[in-house]
Structures are given as C-alpha cells and as structure tokens.
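S.K.: Numbering (the working numbering), first residue to last: 846 to 1177. Glycine residues also receive a C-beta, built at the ideal position from the N, C-alpha and C atoms.
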Amino acid sequence: MKQSRSHTQFLRAPLSLYNMMACTPKRLPECVLEPGDACGDAHTAHSGEDLAKGLTVDNGKVQCPICDKDIKVGMGGVQNFWKQHNPGVSKVCKANLEKKKKAVAHRQDQPGLLSFFTKQPKVLIPPTVPMPTHVIAYDMESSSSGPCVTPVVSKTASPPVVPDMLAVNLLAVLENAIQDLPTLPEASESNEITMFAQSIPTDLADDNAWEYLDPMLNQFLGFNRTAEDILNELCRGERGLAVMVRYLKEFIGRYQIDRGLLEGKVQRLLKVIQTHTCQNSHSNASSDIIVISDGEDGTSEQRDPTYLPSEPTSSYIVSVWPPFAPCLALGL
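1. Keeping to the same chain, check which residues put their C-beta closer than 7 Å to that of Y1092; ignore five residues upstream and five downstream.
2. Among D903, K914, R1081, D913, whose alpha-carbon lies nearest the alpha-carbon of G921?
3. Please name the residue, chosen from C909, R952, K936, that lies closest to Q924 on a Cα-to-Cα basis.
4. Using the three-state DSSP reduction, which class does I916 fall into: helix, strand or coil?
5. Once you ignore the five residues that flank A1087 on each side, which residues in its own chain have a CB closer than 6 Å to its CB?
6. Our contact map puts A1012 next to R1104 with C-beta atoms below 8 Å; I'd like the distance itself, whole angstroms only.
7. Roughly how many whole angstroms lie between the Cα atoms of L1153 and R1070?
8. Return the first residue and the last residue of the beta strand (DSSP E) that V1229 is part of.
9. Per DSSP, what are the beta-bridge partners of Q908 in this structure?
10. What separation, rounded to the nearest whole angstrom, lies between the Cα atoms of K945 and R952?
11. Between which residues of its own chain and K914 is the CB-CB distance below 6 Å, once the five residues before and five after are set aside?
12. E1031 bridges to which residues according to DSSP?
13. Less than 8 Å between the CB atoms is what I'm expecting for A1054 and I1102, so what's the real figure, rounded?
14. Going by DSSP, which residues form a beta bridge with D903?
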C-alpha cells in the first residue's frame, strides 16, 4: 500500500518537476495565450515542445517566449528556466504578460492623444460674395480735336528717414577736427580703420542697425583701446579718417541712430585728435597768439608764446589761438 501511495504521488508531481527529473522536457504546458496576444494574431495552440524550440542561454539568461522577459537560470540552463519561471503558467509570467498588454494598448492609444493636442489646420471657407471681374481699359480715339490726356496715378512713397540732427552735428565737429590734423600716414590694409572703406548695408532692420555698427566702432574706439592705440590707427587717404566719417554720416542718414550711442566713442576720437594736434603745434608756437587777461582789472594784452609772464598763472585768464592748441598756455 505504501508503494502504491508513493507511486501515486510521483504521478501527481508537477509537470515541471517531472521534466527536470527526466532531464529533457517531454510534455510542457500548452500555450495559455489568447488570440492577439504575444503569439500573434494567427494564434494556434502551442505545445511545450514548440515553446522549447529555439531557447538558448545567453549570459546566464533565457528570454521567455511568452512575456519576453530575461530570466536568470545560472548554471542550470534551460531546465532551470522551466523550473523557475514555468512560462504561461506561473504568476510572474502572467503578471509580466499583463504589463506587456497594457504597454501595447498604451502605444496604440498614444497617437489618439497626440492628435487631440495637435492644432487642426484651418479650413478655408470660400467667400459667398462674388469677386468683381477684371476690367481692361483700351485706348479709344476721342471725337474731339483736343489731345488725349491720360491720368497719372502716383504711388505713395515711404516717408524718408529723418536722421538725428544731434548725431549729425557731432559728426560735423569730428569732420572739422580731422581737417586740422597734421600730416598722417597713408592707410594700409593692416589698419583697422580700413573696415569703413565699404558701402553701408541697405537691408538692415532699424532695431538691428546699431548692433551692426557698434562692433565696428568698438574694434577701433572701444574701451579696451588706449589713446596710443587709437592714435596709431589715425590715417589718411581713401581708407582713412575721412572715409570713416563719410561712412558714419551715410549710416545715420539711413538708420535711426541716437546721438547718445555715438557720443562716447566719437568723443574719445576727438580727444585723441585734439591732443595730437596740440602736441604737433609746439613746432609752430611762434605763429600762435596768446591773449593774457588780468583777472583783477580786466586788462588784456597779446604776447608771443615765448614771452609768457613770470607771475603766477593762477591770477591770469589765458586763452589760446587757434583753439585746438590749449597746451601752449599750459606750457606743454
């Protein structure tokens, strides 16, 4: 009786345990998937032998043909996979399969959600009012003897750009200061001032005009340039200072450039020009006239620069002619 019970228990043992003991899967569980699941739409019942075909161990893992999950099998191989995972039957495999179904359903619903948030193209409604027909005019001979007069339709021209007059006046001062400069070297291609020897752009927006001009001025007159650097770039000729002034005048004549944007850089250039003119005038001091006024009684006299008074200059008001040579009165 004990042998019969033991034999019965052996027969009722789980199929996976039986297969493990036999070393090869003889009869594995039938495929539990429904049509349309992981096995595909063309679903047929799959036996355990069908599922066992093609199973390989890769880095100690076997991919389940039902839930597509990688199952660790260690050294036990495929037999350990059937023992641990039992595809299509175990709770883990079924849970993985449910997650896979939900993921597939979510991907199928995703295009619908995206189309909900996508702006639909507007449908153009054709006009209900009929469009007027084109009228073509032909020249007709007049019955009168007078000449035929054809009306002229004038096109509305865009209003001209009015430049900032303060900026124009500032450039006029610069132009006059350049004329008083002594002889300068001829500009060459290596001088940075030659960047202005070109035509101004004509297709800039008003908001972007200063962003175009400012880097050019900074390269020549920026705060990182010393007075000596600027002086070394002062040149004459077709690519010199006169060409730069002409470029700036044309630029502010086409675009609205405020004087406040130009003033700081132009004043730096004016200061360098005046200092250079003043230093150069030392060699021509005899041609200048110094007017010295006594601050107490208001008397004044003109003297040659070589015969300045020996009294303290603090009690005198000294004016110099020409005006671009103030250094003569200071003894520079």
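M.R.: Per the coordinate set shown:
1. F1041, I1045
2. D903
3. C909
4. strand
5. none
6. 4 Å
7. Residue placement at L1153 is flagged as unreliable, the pLDDT there being 47, under the threshold of 50; the coordinate-derived value follows with that caveat. Each residue's alpha carbon lies about 37 Å from the other.
8. With the chain covering only 846 through 1177, there is no way to say anything about residue 1229.
9. D915
10. 11 Å
11. N941
12. R1081
13. 7 Å
14. K906
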